[in-house]
Structure formats: C-alpha cells, structure tokens
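What follows is a short report on a single structure.
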Amino acid sequence: MTMLGKKIATREAYGDALVELGKENPNVVVLDADLSASTRTSKFAAQFPERFFQMGIAEQDMMGTAAGLAAAGKIPFASTFAMFATGRAYDQVRNSIGYPGLNVKIGATHAGVTVGEDGATHQALEDIALMRAIPGMTVIVPADYVEAVQAVKAAAAHVGPVYLRFTRGGVPVVFGDDYQFQLGKAALLRDGGDATIIACGVMVGAALEAAEALAGEGLSIRVLNMGTIKPLDGEAVIKAARETGAVVTAEEHSIIGGLGSAVAEVLGENCPVPMKRVGVPDVFGQSGGAGELLEHYGLTAANVAQRVREVVGRKA
Amino acid sequence: MLKTELEQMAKLIRRDILEMVHEAGTGHPGGSLSAVELVTALYFAEMNVDPKNPTWADRDRFILSKGHACPVSYAALARKGFFPLEELKTLRKLNSILQGHPDMKKTPGVDMTSGSLGQGLSVGFGMALGAKVTGKAFRVYVLLGDGELQEGSIWESAMAAAKYKLNNLVAIVDCNGLQVDGRCSDVMELEPLADKWRAFNWAVRQIDGHDFDQILAALAWARKQGGPVVILAQTVKGKGVSFMEDAVQWHGLAPNKEELEKALAEIG
C-alpha cells in the first residue's frame, strides 16, 4: 500500500518502527524522558512494557543509562526532543556514548523550526552540527515516513552510536514502497545536468518541487536525498558537482554545521563549484505555525529554486 | 584474600600509584590514595572478574565515576593480571593503553570510559538494568567522589535507580572531603549526605573507607538489600603519605624524585 503524497510526521515512523524492531529483536530496549506520547515511543511501551524505561525529565541520566545498557549488550533507543537529546545531554552523549563508541541509538523528535508555536527554546537548529562533530557518530535525517521506518531499522542493525532526527509535523511521503534506504548513501530522486539540489528531511519535498518548477524554465536539475549526513556520501556530492557544475543544499537546520556545511567541506577540498546553502540563517527560531516558519526562514521550494538560478548564473 | 593479604596488596597499589604518577610527571595522587582500600577490596575480595577474559559477559562491573583517580584502578588491574605491571610506566604518555582518564576501549579490564564527572552512576544503573532485563546475575559497583556529588546528574540517576529498585547496583562514595578548590564543605556543602541518599530511597551505610573489615562487611550487607545501596566511605585524601594527607594541593600534583622516595619510605 503506497503512502505517496500523504502527510505523516516522521516521529510516527519512529514509533511504528520501534514496535516492529521490538518484535524482531529482544535486545531492543527503549528509554524516554517524559515525552513518550510526543516521541511516539508510547507505542513500544504499550507492547513491551518490560523493555521500556521511563526515565523522567532527566535527559542526562537517560543518555548515561543508555550507555550502560549498551555496555551490557542491549540496543537502547534513547528518545526525547532533539533540543534536549543534543543540548541538555551533550556531555553524556559525547563522553559516555560517543567516545567509548557504545551502541546507543538516539531518537530525536521535534527537530527544527517545524516544532512551531513552542518557539526557539524547543527548536533544535544546531543538533546536526553537534552530533556530526562527534567522532564515530552516524547522523541520519529521514525525509519521510517510508525512509524513517527503514532508517530506524538500519540504525538498529548498525553497530555503533547513531543520531536519528525526526519531525513533529507532517511531511509529504516522497518515497514509494520500493524505496531502499542505504546507510551512508545518497538517493538520486531526479536526474539532471544543470545543477544539483542536495536536501535532507522536510526539504526533500521542497527540492523536488523546485526542480519541477525549474524544469518549466528549461533547467534540468538533479535532486539528491542525503538521508545520512554522516558518514556523508562524498562520492555522490563530487559526482554531482562534476556533472552539473553547481550545487544548492537545503535543510531545516542552521546553515552552520549541518548538511550545507558537510557538502561545502567536500566540495571545497575536492571540486569547488558555485554553491548556495538554504537553511536557517545564523539566528534562533521563534513561535509561529510550522508552515509560516518555513516560509519566514526561506525553507521553501520557491527560495530553493531562486538559489538554483543564482548558482546556475555563476557557472563559468 | 585474607585481610593481611589485602593490606599487603593495598601497600603495593599505593606504591604503584606514587611511582606511576611520578613517572608520568602528571596525574591525581590524592584521590587515588584515598580509594586504595575500596578498590583493593572490590578487585581482590568482592568482584567476580576474569583477567584472562576481560569482556566476559557475566563479570561484575566496576565504574570509576571519579575517573581522575584512575591510577588506583590501573594499579589494581595490573596487580590482578589484566595487563603487565610495566604498562603502569606508560601512564598518560602518547599511545599508552593507560589514558589520563579511563578508556574502556584502550585498557583491558576497564568496564566504562569516564572522566567527565557525574556520569558513572547513570551508566552503572544502565548496566544493572541491562543485567536485570537479560536475566544475568552480575553486580555493578560505581565509585563516586564526594565532590562529584555536586553534579546534578548524580541525583537524576539516584532517583532512577531507586524507582527501579535495583538490588545489583552498589554506589560507593569516597568521602575524602576535598575537591580541587578546597574543602567540599567550603566549595559546596554536601551534608547531610546520608540523609540526602535516604531521601532518595537508597539504603545507606557509613564506614571507615580504610578499614577492610568495615568495607567487606558493608559489601556483604549490600548483597542483602532489596534496592540500590550507597556506602559512604570516610577516607583521607592522600592516605598513607604524611605530607599528602588531607592536603588539597595533592589533588592533581605529581611527586618529584625526592618526594617519591620519602613517600615510598613511609608506605614501606
């Protein structure tokens, strides 16, 4: 049954995939810090109460506990909002999970400005940057429900720490049932020769929309979904730069340290081409509707398309 | 191991600590010396570990949450046979298996990486929880510093461990009364400490942390409790070396040659 076009929050996928994993693997355990209704781990809790640990509003302790569970052979999914997973508990994530390379999966929901009305304190815009800077940490930002389910399973199968980033709000399903998420690999969603849009998360839909609009102007645009930010598929990035000559990145994250930075690092050292990063400029978020905020910060198909026109114009 | 043997082992470990920190020219002798009897009792009388199989899944676990005191762990692990004694000379040097703070990936026998204070009890709780959900019988011992208890995350895990009523988790606090900037009571008052733990629903036992009879009795008592236990061990920072005892400057200072010889002569 295809879900194409339906709007579903990727946190729903997190909750659903955990239940499936719970059935498949007795070593999977889930922790939450008083947000299980919001992170959707409540689904796992209902089915596997003996493997669900309610840790209270204590994210630092939750991350340390997850490290201990991993050291005892379990596959813990430590779940909370992206802000608290990466901000509040950064030291535990770095020193007790990342440094010893323990097999902890961090399920971070409510990332980015699409958290909406709760405002800047709850809108993690630097979480990818923080997690990406930890050696050995895998960072995954699924684009839709279909990819998110597969990403959670891939994270469980991967040995080592993984950061998974999910949305609060609904995002259109862009992948059909035949989609296969591969850890560390970009997915080519649309081929083209004039420029490449590299997107992740909620911006993948906008990237496809932008490419379609630009096609009407005679521009043929490649679209890559970069579901894994780390390890980055540098090969696909370099290939896109060589073959299309211009790159625009699009992410619901600060332009500092996220997908745009990761792509710029690869291009700067290997194949410099005109490039533009679409993301939240170096500012904190604010309250507002999710759609309004995306519009406000330029996280739209129209803005992505405009940046593509700019980089195409800068091509030699 | 008999009490006289434990005392002999403690003496060797004290010498190892002083020699390795002197050799490194850097390190933390004070908080290592205060924990010698506690760590010796754990490795040579209490814990079920196998030096030939350091990652044995059923072993008891030890977490040195006050990671800066790792010279005491390293000495105990070497004396137990996890790695050769000669390795102690490489403490804190480039490419050593003995890092400045414990690293479970580099040192055989180290069950958890630590160093940033306030994290070990959470990890120990997670390990103890892991044992319970897997049906394993291993026990988890977490050695905390008293100054370390100023970290809020300690009390997060104190709440959690009591909630889950884990009877395979033992916290031991090395109450040497000193921290980097001075006396704990001046820097940030911890008392009434026993009352704090009781208020968090932990079983509490207060002992002399240099007396093997009391340490072993407390560890035996811990096995009979129905939930998490904390042993508040009264200790002396720098114990065994007159000029280091209860002297804050020896928290993170290596003895020079002359000081080392004087210290070793005192220990005997």
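Those sequence lines, one after another, are chains A and B.
Residue numbers are given in this note's numbering: position 235 of the first sequence equals residue 235, and the series is strictly consecutive.
Residue numbers are given in this note's numbering: position 108 of the second sequence equals residue 1108, and the series is strictly consecutive.
From the three backbone atoms N, C-alpha and C, an ideal C-beta is built for every residue, glycine too.
Here the structure is a predicted model, which means the values were calculated and not measured.
| query | result |
| --- | --- |
| Residues, ordered as in the chain, of the region 35-61 of chain A that lie near chain B by beta-carbon distance below 8 Å | Glu50, Arg51, Phe53, Met55, Gly56, Ala58, Gln60, Asp61 |
| Reference Ile134 (chain A), options A:Gly101, A:Ser38, A:Glu217, closest by Cα | A:Gly101 |
| Whole-angstrom distance between Ala305 (chain A) and Thr1090 (chain B), CA atom to CA atom | 58 Å |
| C-beta atoms of Val1230 (chain B) and Trp1197 (chain B) nearer than 7 Å | yes |
| Cβ contact (3+ pairs, closer than 8 Å) linking the region 1221-1235 of chain B and the region 287-302 of chain A | no |
| Chain A contact for Val1229 (chain B) (CB, 7 Å cutoff) | no |
| Whether Gln1139 (chain B) touches Asp1060 (chain B) by CB criterion (7 Å) | Looking at the sequence shown, residue 1139 (chain B) is not Gln but Arg. A contact, by the Cβ cut-off of 7 Å. |
| The region 152-168 of chain A contacting the region 8-17 of chain A, beta-carbon criterion three pairs below 8 Å | yes |
| C-beta atoms of Val223 (chain A) and Ala207 (chain A) nearer than 7 Å | yes |
| Contact residues within the region 1106-1137 of chain B, judged by C-beta distance below 9 Å to chain A | Asp1111, Met1112, Thr1113, Ser1114, Gly1115, Ser1116, Gly1118, Gln1119, Gly1120, Leu1121, Ser1122, Val1123, Gly1124, Phe1125, Gly1126, Met1127, Ala1128, Leu1129, Gly1130, Ala1131, Val1133, Thr1134, Lys1136 |
| Rounded separation between Ser1114 (chain B) and Ile1097 (chain B) - CA only | 14 Å |
| Where Arg1079 (chain B) falls: helix, strand or coil (DSSP) | helix |
| Contact list for the region 79-95 of chain A against chain B, Cβ threshold 7 Å | Asp91, Gln92, Asn95 |
| Per-residue DSSP class, three states only, for Ser1242 (chain B) | coil |
| Coil, strand or helix - Met1127 (chain B) by DSSP | helix |
| Assigned exposure category for Arg314 (chain A) - 16 Cβ within 10 Å defines buried | exposed |
| Close beta carbons around Gln1234 (chain B), own chain, < 6 Å, minus the five adjacent residues each side | Cys1175, Asp1208, Gly1209 |
| Members of the region 1154-1165 of chain B near chain A, C-beta cut-off 7 Å | Glu1156, Ser1157, Met1159, Ala1160 |
| Contacts of Ala1069 (chain B) in chain A (Cβ-Cβ under 7 Å) | Near Ala1069 (chain B) there are no residues of chain A at all, since even the closest Cβ is about 16 Å away, more than 7 Å. |
| Within 7 Å, strictly: CB atoms of Ser1157 (chain B) and Asp61 (chain A) | yes |
| Below-7 Å beta-carbon distance, Lys105 (chain A) vs any chain B residue | no |
| Cutoff 7 Å: Met1047 (chain B) Cβ touching any chain A Cβ | no |
| Length-filtered (3 minimum) beta strand (DSSP E) runs lying within the region 1021-1100 of chain B | 1061-1064 |
| Which of helix, strand or coil DSSP assigns to Phe81 (chain A) | strand |
| Residue-chain proximity (Gly136 (chain A), chain B), Cβ-Cβ < 7 Å | no |
| For Thr121 (chain A), the residue or residues it bridges with in DSSP | Answer is none; Thr121 (chain A) lacks a bridge partner. |
| DSSP-derived helix/strand/coil call for Leu1253 (chain B) | coil |
| Given Leu1038 (chain B) as reference, the closest of B:Arg1014, B:Leu1178, B:Ala1128 once Cα atoms are compared | B:Arg1014 |
| Identified DSSP bridge partners for Thr138 (chain A) | A:Val162 |
| Chain A contacts from the region 1050-1064 of chain B (Cβ-Cβ distance under 9 Å) | Ala1057, Arg1061, Ile1063 |
| Residue ranges of each alpha helix (DSSP H) within the region 1113-1160 of chain B, 4 or longer | 1120-1134 |
| Span separating the alpha-carbon of Ser1122 (chain B) from that of Leu267 (chain A) | 41 Å |
| Beta-carbon proximity check, Leu18 (chain A) vs Phe44 (chain A), cutoff 7 Å | yes |
| Proximity test, Cβ basis, 7 Å: Gly68 (chain A) and chain B | yes |
| Chain A within 7 Å of Met1020 (chain B), Cβ atoms only | no |
| Ser79 (chain A) to Asp1246 (chain B) span [Cα, whole Å] | 43 Å |
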